[in-house]
């Protein structure tokens, strides 16, 4: 299988030693996305705005890989406060349709850049 690095300027540049995504065969592994504006590299203000921006970033990376949010089979979400779980569900509902992908959500002590939510995803593009 071939391994391809996926990159787009429509999502924030990596803030560490990782790629925005890596495609192996028909599977795309999207690195965790914070609510960073891809132009300013500044975090959006508040949980909902950061979650929405993280989804926009994931959407841009999915498209750069030749897919879409509809191709996501799994999301992993890290939250700094599980009290934001209901708001997280609303952002997922606004961006996805049934049948929904698999998902995990965990509370963490801290995220890079002071973010309050980070979302990573796995796509399968047939």
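Numbering (UniProt numbering), first residue to last: 1 to 126.
Ideal Cβ placement from N, Cα and C applies to all residues, glycine included.
Are residue 122 and residue 33 touching if we call contact CB-CB under 8 Å? no
Please classify residue 110: is it buried, with 16 or more other beta-carbons within 10 angstroms of its beta-carbon, or exposed? exposed
Which ranges would you report for the alpha helix (DSSP H) in the segment 9 to 65 if only whole runs of at least 4 residues count? 47 to 64
Beta-carbon spacing of residue 124, residue 27 below 8 Å: yes
Answer yes or no: do residue 35 and residue 117 have a C-beta to C-beta separation smaller than 8 Å? yes
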